[in-house]
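Protein chains in written order, with this note's numbering: chain A, 1 to 293; chain B, 294 to 549.
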């Protein structure tokens, strides 16, 4: 028996956060201010996502936490442990088994279902922030739907790089109304945001919550002559051979050798379990057999 | 002929102090109106009231919309007024830095108003931007440079291009030549005069420089202590000033 209230936050705080979530779901893409609490972790480590997860979790839930797609990195492991300790909920690394998934900067490769909730950690919720420093002005721009400035950013990208170089936190327009920062997910994940699961976004330091209800229309901004492209490394996964997943580039040695592996560790592992083998994994097992023989 | 802008009894007070009081005038299409006066005479207050940056305490500013109807811009809703200020209106600030985005390239600065009204074709936006930079005598090779890399005169010309790109019908200018040296001023005035004539713009120019209004303005309004003391055709007011203050103003100009 832990001495914490279920999921760390007190019930009043969770009610306050749930109200913000419901408001966010009612106005897709609108940033709802909420009274963010101090959490036992530094800002930038997912304080917003953790508060949203805490307000969402029930004792029957199964939680999965990923950090850049991986289940086994510091941020994911410590947040998973946090909820094991304070909420005693079941945790899993399998996407299909989870009912609540807290994520930092990725959407799982496997399609999510209607009975699942995806919680994003958001560092800067305001998509217009780096273009317009004044919060009063950005709020006015949202309320009056003045989004020309967002295209100025994309214009600058093309003028400077010859293509839209923004590769993560790529701005989207929700249901033809609010322009939203999808948190720093790669733009490869943008088309996946029209999904069956509920998506909740929590920004702890900035004290904002926003949300996307299931099957919400999410359009990535672009120009007619420079259409949006969900790009990824042009390579199959070296471990599982997948050609449809988002890849991490891993530098192997000082000689310039590198490998590409799925950023979604659960997706990669389950594919390998099903018998799929990538180029480098095949070479490694062949080499292993040779030394054994 | 109906006026483009009808200003009726505009007053603005700062507490007990007068900003400007009971200003009335009509501005007709294609006409350039100069407002002169010393510092603190209420010129800028008046201009900001007309352009919707300040809320006047009394009076109406009627503007002829594209459908021909006269609308009071003081009481119209904020979204409408902001729409006006990025389509039919333009505002040229004294300091180019106030009117430009300093961390966005020249092309982006000019393109912003186009994108704000819905342009979504990069090629067309860029073409238009290059065309406008050419019209204000900025070389096409500078289109991707930031305004911070421009001289003061170039920044001012860039600001003008950025404002005129959507083909506004009314331009507000607040000391457009302030802070520029005389030869740059002369070129800018030449350019402005060309654009005003070519596009048939109506403009309201606030300045304390009589040479500027002599060159640009058709009509002149002289302000002192928040009141309009004299109005008339530019040449008439400057060559035959009636009010004591106007006489002082005209005789204060240094003759080289």
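Just so it is clear, CB atoms sit at the ideal spot from N, CA and C, and this is done for glycine as well.
Consult DSSP for residue i and reduce its assignment to one of helix, strand or coil.
{"i": "residue 491 of chain B", "result": "helix"}
{"i": "residue 1 of chain A", "result": "With a pLDDT of only 48 at residue 1 of chain A, under 50, the local geometry of the prediction cannot be trusted, and no value is derived from it."}
{"i": "residue 232 of chain A", "result": "coil"}
{"i": "residue 286 of chain B", "result": "Since the displayed chain B opens at 294 and closes at 549, residue 286 of chain B lies outside it and no answer follows."}
{"i": "residue 109 of chain A", "result": "coil"}
{"i": "residue 33 of chain A", "result": "strand"}
{"i": "residue 186 of chain A", "result": "strand"}
{"i": "residue 15 of chain A", "result": "helix"}
{"i": "residue 520 of chain B", "result": "strand"}
{"i": "residue 72 of chain A", "result": "coil"}
{"i": "residue 453 of chain B", "result": "helix"}
{"i": "residue 482 of chain B", "result": "helix"}
{"i": "residue 225 of chain A", "result": "coil"}
{"i": "residue 371 of chain B", "result": "helix"}
{"i": "residue 156 of chain A", "result": "helix"}
{"i": "residue 251 of chain A", "result": "strand"}
{"i": "residue 82 of chain A", "result": "helix"}
Assuming residue i and residue j form a contact by the criterion Cβ under 8 Å, report the distance between their Cβ atoms to the nearest whole angstrom.
{"i": "residue 182 of chain A", "j": "residue 169 of chain A", "result": "7 Å"}
{"i": "residue 100 of chain A", "j": "residue 61 of chain A", "result": "5 Å"}
{"i": "residue 411 of chain B", "j": "residue 378 of chain B", "result": "Not really, about 16 Å apart at Cβ, beyond 8 Å."}
{"i": "residue 515 of chain B", "j": "residue 539 of chain B", "result": "5 Å"}
{"i": "residue 328 of chain B", "j": "residue 497 of chain B", "result": "7 Å"}
{"i": "residue 26 of chain A", "j": "residue 114 of chain A", "result": "Not confirmed; about 18 Å, so no contact."}
{"i": "residue 546 of chain B", "j": "residue 534 of chain B", "result": "Contact flag wrong, Cβ pair sits at about 12 Å."}
{"i": "residue 385 of chain B", "j": "residue 466 of chain B", "result": "4 Å"}
In the DSSP assignment, what residue or residues form a beta bridge with residue i?
{"i": "residue 199 of chain A", "result": "A:118 and A:212"}
{"i": "residue 172 of chain A", "result": "A:180 and A:220"}
{"i": "residue 304 of chain B", "result": "B:351"}
{"i": "residue 382 of chain B", "result": "B:463"}
{"i": "residue 496 of chain B", "result": "B:325 and B:464"}
{"i": "residue 525 of chain B", "result": "B:513"}
{"i": "residue 320 of chain B", "result": "B:298"}
{"i": "residue 64 of chain A", "result": "A:101"}
{"i": "residue 162 of chain A", "result": "BP columns for residue 162 of chain A are empty, so no partner."}
{"i": "residue 330 of chain B", "result": "B:516"}
By alpha-carbon positions, which one of the options ends up nearest to residue i?
{"i": "residue 450 of chain B", "options": "B:522, B:440, B:429 and B:438", "result": "B:429"}
{"i": "residue 226 of chain A", "options": "B:413, B:482, B:467 and B:304", "result": "B:413"}
{"i": "residue 512 of chain B", "options": "B:463, B:319, B:326 and B:426", "result": "B:326"}
{"i": "residue 299 of chain B", "options": "B:366, B:536 and B:457", "result": "B:366"}
{"i": "residue 266 of chain A", "options": "A:7, A:66, A:18 and A:12", "result": "A:66"}
{"i": "residue 332 of chain B", "options": "B:499, B:547, B:529 and B:508", "result": "B:499"}
{"i": "residue 188 of chain A", "options": "A:178, A:197, A:149 and A:230", "result": "A:230"}
{"i": "residue 171 of chain A", "options": "A:161, A:129, A:207 and A:139", "result": "A:129"}
{"i": "residue 124 of chain A", "options": "A:176, A:28, A:184 and A:241", "result": "A:184"}
{"i": "residue 21 of chain A", "options": "A:114, A:269, A:292 and A:213", "result": "A:213"}
{"i": "residue 57 of chain A", "options": "A:10, A:69 and A:220", "result": "A:10"}
{"i": "residue 375 of chain B", "options": "B:387, B:361, B:347 and B:360", "result": "B:347"}
{"i": "residue 224 of chain A", "options": "B:417, B:401 and B:385", "result": "B:417"}
{"i": "residue 6 of chain A", "options": "A:88, A:74 and A:40", "result": "A:88"}
{"i": "residue 14 of chain A", "options": "A:37, A:32, A:122 and A:75", "result": "A:37"}
{"i": "residue 342 of chain B", "options": "B:306, B:320 and B:529", "result": "B:306"}
{"i": "residue 270 of chain A", "options": "A:64, A:93 and A:191", "result": "A:93"}
{"i": "residue 352 of chain B", "options": "B:313, B:321 and B:359", "result": "B:313"}
{"i": "residue 320 of chain B", "options": "B:532, B:536 and B:524", "result": "B:524"}
{"i": "residue 438 of chain B", "options": "B:400, B:530 and B:372", "result": "B:400"}
Among residues of its own chain, excluding the 5 on either side of residue i, which ones have a beta-carbon nearer than 6 Å to its beta-carbon?
{"i": "residue 222 of chain A", "result": "228"}
{"i": "residue 274 of chain A", "result": "none"}
{"i": "residue 288 of chain A", "result": "none"}
{"i": "residue 119 of chain A", "result": "49, 52, 53, 102 and 200"}
{"i": "residue 446 of chain B", "result": "473 and 477"}
{"i": "residue 390 of chain B", "result": "none"}
{"i": "residue 126 of chain A", "result": "138"}
{"i": "residue 409 of chain B", "result": "379"}
{"i": "residue 24 of chain A", "result": "32, 209, 210 and 211"}
{"i": "residue 155 of chain A", "result": "none"}
{"i": "residue 239 of chain A", "result": "261, 268, 278 and 281"}
Ignore the nearest five residues each way along the sequence and tell me which others in residue i's own chain have a CB closer than 7 Å to its CB.
{"i": "residue 16 of chain A", "result": "34 and 35"}
{"i": "residue 235 of chain A", "result": "247 and 260"}
{"i": "residue 233 of chain A", "result": "247, 249 and 260"}
{"i": "residue 8 of chain A", "result": "54 and 86"}
{"i": "residue 110 of chain A", "result": "95, 96 and 267"}
Got a sec? Which residues, its chain only, sit under 8 Å from residue i by beta carbon, not counting five neighbours each side?
{"i": "residue 405 of chain B", "result": "394, 397 and 455"}
{"i": "residue 1 of chain A", "result": "In this prediction, residue 1 of chain A scores a pLDDT of 48, lower than 50, which makes its location untrustworthy; no coordinate-derived value is stated."}
{"i": "residue 194 of chain A", "result": "215, 216, 217 and 218"}
{"i": "residue 59 of chain A", "result": "6, 87, 88 and 89"}
{"i": "residue 205 of chain A", "result": "36, 43, 44, 47, 48 and 123"}
{"i": "residue 166 of chain A", "result": "153, 154, 157 and 187"}
In the region 397 to 421 of chain B, which residues sit with their C-beta less than 9 Å from some C-beta in chain C, listed in chain order? No chain C is part of this structure, whose protein chains are labelled A and B.
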